[in-house]
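Chemist: Under full-length UniProt numbering, think of the first position of the sequence shown as 1, with each following residue one higher.
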Amino acid sequence: MVRILIRAAIFLGSAALGLLVASLIIPEFHLHTAGFFVAIVVFALVQAAVEWLVRRLTRRQAPVIAGIAGLLSTFIALLVASLFTDGLSFEGIFAWILATVIVWVITALATWLLLKYVLPEPKAANAR
1 MVRILIRAAI
11 FLGSAALGLL
21 VASLIIPEFH
31 LHTAGFFVAI
41 VVFALVQAAV
51 EWLVRRLTRR
61 QAPVIAGIAG
71 LLSTFIALLV
81 ASLFTDGLSF
91 EGIFAWILAT
101 VIVWVITALA
111 TWLLLKYVLP
121 EPKAANAR
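Rendered as structure tokens:
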């Protein structure tokens, strides 16, 4: 149970980091203080659900599909978070594309690094 909570915190933190970095780099991508935390939760939940679904549907395909699934789930999560919260807004297609790529890269790297160093696999799982 503790591992699940730590994983959830890591995923929410990496989503927040990805959105913050994108808002600092892209002038047409705006984070609004009032809805920021709601947008993070909506973004993280939608991204996790869509990524799980896409990976499940394409599990036998090439590893390239994993990257496409990540980009697709990030785009859909940004879209849903911008439609249903006041925490995100975009100006133009370039901001959408760039935000999708930046948020995807940052969240993937942050999640991978944090899971590797903060929550390593138990020794018994590594032996299998």
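The C-beta atom is built at its ideal place from N, Cα and C for all residues, glycine as well.
#1: Since A15 contacts T107 with CB under 8 Å, what's their CB separation in whole angstroms?
#2: Within 10 Å of its beta-carbon, does W104 have 16 or more other beta-carbons around it, so buried, or fewer, so exposed?
#3: Near V21, what residues of its chain come up, given a Cβ to Cβ distance below 7 Å and the 5 sequence neighbours on each side ignored?
#4: Taking the C-alpha atoms as reference points, what is the distance between residue 131 and L53?
#5: Select from H30, E121, L12 the residue whose C-alpha is nearest the C-alpha of A48.
#6: Where V50 and A39 are concerned, what is the direct C-alpha to C-alpha distance, given to the nearest angstrom?
#7: Can you tell me the Cα-Cα spacing of S23 and W96, whole angstroms?
#8: Give every residue of the same chain whose Cβ lies closer than 6 Å to the Cβ of L98, excluding the five residues on either side of it in the sequence, and list them in chain order.
Modeler: By the coordinates alone:
#1: Confirmed, about 6 Å.
#2: In summary, W104 is buried, with 16 or more beta-carbon neighbours lying within 10 Å of its beta-carbon over all protein chains present.
#3: Same-chain partners within the cutoff: I102, I106.
#4: With the chain running from 1 to 128 in the structure shown, residue 131 is simply not present.
#5: Selection H30, E121, L12 evaluated against A48 yields L12 as nearest (Cα-Cα).
#6: Roughly 16 Å separates the two Cα atoms.
#7: Roughly 11 Å between the two C-alpha positions.
#8: Here the set comprises I26.
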